[in-house]
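Student: In this note's numbering, the protein residues as written are 658 to 986. We treat Cβ as the ideally placed atom computed from N, Cα and C, and that holds for glycine.
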Ligand code: NDP
């Protein structure tokens with residue numbers, strides 16, 4: 658069996674996790690990691706991984722079947738995505754929800770021109786949550802869908818706290834409100850405000866002599882990030898942050914409550930739950946499963962950008978259609 662030859666573009670949390678994810682799949686092999694940094698400064702998680710500059714990728718189009726793009730969504734992906742879409746089949750976890758339509762358009766254009774398949778916005782949200790929202794809404798057209806995130810670390814909110822004057826380091830947890838989840842599960846179909854759905858808990862290390870009251874005020878009133886939430890701020894030491902908050906857990910719930918029937922009404926609840934010990938490890942494994950889909954679709958002559966909902970589930974599995982029918986259907 659020819660293995661799917663994979664490259665990783667960008668070597669942060671997600672890139673490192675993709676390296677580990679590939680090792681769990683026998684039909685895949687890692688050709689190398691591509692970085693903007695000096696390759697000789699990169700220490701890979703596992704031994705013997707080749708590290709290349711981004712420029713070297715252009716010379717390797719015949720050595721790599723699928724590139725997994727692991728740059729940051731805010732500023733890396735809008736540049737790296739379209740560049741690589743013109744050269745390779747790609748899979749990425751682009752998660753700036755509001756900009757997905759414009760990102761899709763440019764990726765689609767470049768992928769069609771290059772006759773490649775580019776799967777965008779994979780991961781868990783967007784990604785697995787999107788698929789589950791779609792299934793639930795298609796099956797129960799009359800109803801409401803709710804998404805809750807957490808408990809987990811939000812990198813964006815942690816970064817926002819770190820930008821406050823006097824803050825040395827910080828971690829922010831997004832916490833879903835149990836009362837809201839229970840109301841949804843009971844089928845009350847509540848109209849929930851932002852504040853009623855999630856709370857925010859911040860663990861903050863400050864510089865010596867910093868004004869804690871002022872920092873707390875600035876965090877709690879920060880527009881877009883904290884102002885619309887019940888926010889708790891805890892000041893802790895650097896050691897406590899390292900010891901108790903070093904991981905990257907996350908997760909959440911997609912719940913749809915729907916009704917069927919005419920004279921007699923029936924209530925149905927669909928719930929999809931993720932409880933992730935490591936957000937990057939899980940996200941990477943989703944991306945790696947979609948690598949298989951990008952590769953196979955391209956082998957079949959398909960090209961263009963796709964999102965996770967455009968892809969039939971069997972394309973994700975290493976098992977044959979026959980095996981899947983036997984074991985899962
Ligand atoms: P990181 O900040 O860890 O990495 C982003 C980029 O920064 C890397 O590609 C790397 O590029 C560079 N970088 C990483 N570490 C260093 C360092 N020590 N010094 C200098 N540069 C560094 O981001 P994550 O890997 O955690 O996340 C990537 C994206 O994944 C996020 O922006 C998010 O949008 C997305 N994501 C999507 C999810 C989903 O469900 N769809 C879930 C989770 C994340 P280079 O090697 O070129 O320097």
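Round the Cβ separation of residue 860 and residue 833 to the nearest angstrom and send it over; I've been treating them as touching at under 8 angstroms.
Tutor: Here residue 860 is taken as the residue at index 203 of the chain shown, counted from 1. Here residue 833 is taken as the residue at index 176 of the chain shown, counted from 1. Contact flag wrong, Cβ pair sits at about 18 angstroms.
Student: With 16 as the cutoff for other CB atoms within 10 Å, does residue 967 come out buried or exposed?
Tutor: Mapped onto the chain shown, residue 967 falls at position 310. Label assigned to residue 967: exposed.
Student: Could you check the C-alpha separation between residue 792 and residue 926 for me, to the nearest Å?
Tutor: Here residue 792 refers to the residue found at position 135 of the chain shown. Here residue 926 refers to the residue found at position 269 of the chain shown. C-alpha separation (whole angstroms): 12 angstroms.
Student: Going along the chain, which unbroken runs of the beta strand (DSSP E) with 3 or more residues stay wholly within the stretch 795-881?
Tutor: Listed in chain order, they are 800-806, 824-833, 855-863.
Student: Label residue 986 either buried or exposed according to how many other C-beta atoms from any shown protein chain fall within 10 Å of its C-beta, with 16 as the threshold for buried.
Tutor: Within the chain shown, residue 986 is the residue found at index 329, counting from 1. With fewer than 16 Cβ atoms within 10 Å of its Cβ, residue 986 is classed as exposed.
Student: Within 10 angstroms of its Cβ, does residue 779 collect 16 or more other Cβ (buried), or is it exposed?
Tutor: Here residue 779 refers to the residue found at position 122 of the chain shown. By the 10 Å Cβ count, residue 779 comes out buried.
Student: Assign residue 789 to buried or exposed, taking buried as 16 or more other Cβ atoms, counted over all protein chains shown, within 10 Å of its Cβ.
Tutor: What you label residue 789 is simply residue 132 of the chain shown in a count that begins at 1. Residue 789 is buried by the Cβ-count criterion.
Student: Alpha helix (DSSP H) containing residue 1042: first to last residue?
Tutor: No answer is possible for residue 1042: it lies beyond the span of the chain, which begins at 658 and ends at 986.
Student: Could you give the DSSP three-state label for residue 672: helix, strand or coil?
Tutor: For this step, residue 672 is matched to residue 15 along the chain shown. Helix.
Student: What residue from 821, 903, 910 has the CA that sits closest to residue 870's CA?
Tutor: Numbered from 1 along the chain shown, position 213 holds the residue referred to as residue 870. If we check each option's Cα against that of residue 870, 821 comes out closest.
Student: Taking the alpha helix (DSSP H) that residue 717 belongs to, which residues open and close that run?
Tutor: Taking the chain shown and counting its residues from 1, the one referred to as residue 717 is at position 60. No alpha helix (DSSP H) holds residue 717; DSSP gives it neither H nor E.
Student: What are the boundary residues of the alpha helix (DSSP H) that residue 962 is part of?
Tutor: In the chain shown, residue 962 corresponds to position 305, counting from 1. That residue, residue 962, is in no alpha helix (DSSP H); its beta strand (DSSP E) goes 961-964.
Student: Please go through the same chain and pick out, in chain order, the residues whose beta-carbon is closer than 7 angstroms to the beta-carbon of residue 693, but skip the five residues on each side of it.
Tutor: Within the chain shown, residue 693 is the residue found at index 36, counting from 1. Taken in chain order, the residues that qualify are 711.
Student: Can you give me the start and stop residues for the beta strand (DSSP E) that residue 924 sits inside?
Tutor: Within the chain shown, the letter at position 267 stands for residue 924. It spans 923-933 - the beta strand (DSSP E) in which residue 924 sits, taken as one unbroken run.
Student: For the candidate residues 685, 888, 840, whose alpha-carbon lies nearest to that of residue 801?
Tutor: Here residue 801 corresponds to residue number 144 of the chain shown, with the count starting at 1. Out of 685, 888, 840, 840 has the C-alpha closest to the C-alpha of residue 801.
Student: Contact defined as beta carbons within less than 8 angstroms: I believe residue 686 pairs with residue 660. What is the distance between those atoms, to the nearest angstrom?
Tutor: By 1-based counting over the chain shown, the position of residue 686 is 29. By 1-based counting over the chain shown, the position of residue 660 is 3. Contact flag correct, Cβ pair sits at about 4 angstroms.
Student: Counting only runs of 3+ residues fully inside the stretch 686-768, write out the beta strand (DSSP E) ranges in chain order.
Tutor: Those beta strand (DSSP E) runs which fall completely within the stretch 686-768 and span 3+ residues are 708-710, 723-726, 746-749.
Student: How would you write the range of the alpha helix (DSSP H) that residue 940 sits in, first residue to last?
Tutor: Counting from one through the chain shown, the residue named residue 940 turns up at place 283. 936-956 is the span of the alpha helix (DSSP H), which, as asked, contains residue 940.
Student: Under 8 angstroms from any heavy atom of the ligand NDP, does the C-beta of residue 670 make it?
Tutor: Taking the first residue of the chain shown as position 1, residue 670 is located at position 13. Correct: residue 670 has its Cβ closer than 8 angstroms to the ligand NDP.
Student: Using the C-alpha atoms, what's the distance from residue 906 back to residue 725?
Tutor: Numbered from its first residue, the chain shown carries residue 725 at position 68. Numbered from its first residue, the chain shown carries residue 906 at position 249. Spanning the two alpha carbons is a distance of roughly 22 angstroms.
Student: Apart from the five residues on each side of it in sequence, which residues of its chain come closer than 6 angstroms, Cβ to Cβ, to residue 862?
Tutor: By one-based count along the chain shown, residue 862 stands at place 205. Within the same chain, residue 862 has close Cβ partners 825, 826, 895, 898.
Student: For residue 786, which three-state DSSP category applies?
Tutor: Residue numbering aside, residue 786 sits at position 129 when the chain shown is read from its first letter. Residue 786 falls in the helix class under three-state DSSP.
Student: Starting from residue 897, trace the beta strand (DSSP E) both ways and give me its first and last residue.
Tutor: The residue you call residue 897 lines up with position 240 of the chain shown. Unbroken run through residue 897 is the alpha helix (DSSP H), 895-901; no beta strand (DSSP E).
Student: Locate the beta strand (DSSP E) running through residue 915, then write down its first and last residues.
Tutor: In the chain shown, residue 915 corresponds to position 258, counting from 1. Note, residue 915: beta strand (DSSP E), 907-917.
Student: Residue 664 by DSSP, collapsed to three states: which one?
Tutor: Here the question's residue 664 lines up with position 7 in the chain shown. Strand at residue 664.
Student: Leaving out five residues before and five after residue 742 in sequence, what residues of the same chain have Cβ atoms less than 6 angstroms from its Cβ?
Tutor: Taking the chain shown and counting its residues from 1, one reaches residue 742 at position 85. Cβ within range, chain order: 764, 767, 768, 775.
Student: Which residue from 665, 880, 681 puts its Cα closest to that of residue 689?
Tutor: Along the chain shown, read from residue 1 onward, the residue named residue 689 stands at position 32. Selected option, being the one with the closest Cα: 665.
Student: Is it buried or exposed, residue 881, if we count other Cβ atoms within 10 angstroms and call 16 or more buried?
Tutor: Numbered from its first residue, the chain shown carries residue 881 at position 224. So residue 881 counts as exposed.
Student: Who are the near neighbours of residue 889 in its chain, counting only those whose CB is closer than 8 angstroms to its CB and skipping five residues on each side?
Tutor: Counting from 1 along the chain shown, the entry for residue 889 is found at position 232. Around residue 889: 856, 857, 858, 859.
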